[in-house]
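Working notes, structure below.
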Amino acid sequence: MTRADPSGPVPIDLLTGPWALTVMSVLVLGDAFFVIVPGEIAVTALGAIASDTGAPPLWAVVVYAGVAAAAGDAACYLIGRTVGTERWRWMRAPRVRRALEWAGRRLDGGTAAVLFTARFVPFARLAVNLVAGASRIPAGRYLCLVTVAAFGWAAYQASVGAVVAVLVPGGPVVAVMVSVLIAVGLGAVIDLVSRRARR
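Throughout the sequence shown, residue numbering follows my numbering, covering 520 to 718 in sequence.
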């Protein structure tokens, strides 16, 4: 296939070949550091393809996405633990400082709730994981919580695509396009709600 999804930045070619799970995992891992990487979109799109074609199986999409998401969050935690939240210039930008301060306040109020909630909000996720490391939250407890959150997120994102593939006729290309639009819309709503909550 040479078609590309016009509604998103992930070409369908990359999600229908033998490297589909690897490509998705790399995008999800990169999404932990760079919010512009379409990790959520890749999981949702591959969930739609899995539901429509059976390859790869939906459970594999969830497992690969969950492992990659947990690994990305853990890497951000490790950065926060080893270098803190002020060493690099980008960490001192006003927007980043506000996000880090917000994350610190929320983590003081309850680690588990914040890790689960932030998993669905790209910039908040980065801030929370950095602050979790910098504030020396015990690694064992953090890894348990972030792993459960990552697999919950992966199951949710893949399920959105899978449900769309069942409900919308037209094959995998149409299912991917619609599921990506829904994922982007849900992400925008969550981001808007989270920004208002931080004010």
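Backbone N, C-alpha and C fix where the C-beta goes; we use that ideal spot for every residue, glycine too.
Here the structure is a predicted model, which means the values were calculated and not measured.
_S654, DSSP secondary structure in three states_ = coil
*If you drop the 5 nearest sequence neighbours on each side, which residues of the same chain put their C-beta closer than 7 Å to that of W672?*
A588, R638 and F639
*If you compare alpha carbons, which of A632, G652 and V682 is closest to I598?*
G652
*Where does G536 fall in DSSP's three states?*
coil
_Close beta carbons around Y596, own chain, < 7 Å, minus the five adjacent residues each side_ = N648, A651, G652 and Y661
*Which of helix, strand or coil does DSSP assign to R522?*
Per-residue confidence for R522 stands at a pLDDT of 36, beneath the threshold of 50, marking its modelled position as unreliable; no derived number is given.
_Residue interval of the alpha helix (DSSP H) (run including R600)_ = L577 to V602
*Go through its chain and collect everything with a Cβ distance to A674's Cβ below 6 Å, but skip five positions before and after it.*
V581
_Less than 8 Å between C-beta atoms, sequence neighbours within five positions excluded: which residues of the same chain meet that for I701?_
T563, V679 and V683
*Please classify I555: does DSSP put it in a helix, a strand, or coil?*
coil
*Is it buried or exposed for L664, if we count other Cβ within 10 angstroms and need 16 for buried?*
buried
_If you reduce the DSSP assignment to three classes, tell me which class A673 lands in._
helix
*Closest by C-alpha distance to F635, when choosing among V554, V667 and P657*: V667
*asked:* Quick check: the Cα distance between A539 and V545, rounded to an integer number of angstroms?
replied: 10 Å
_Closest Cα partner of V586 within the set G549, I656, V556 and D571_ = G549
*What's the gap between the Cα of V633 and the Cα of A569?*
31 Å
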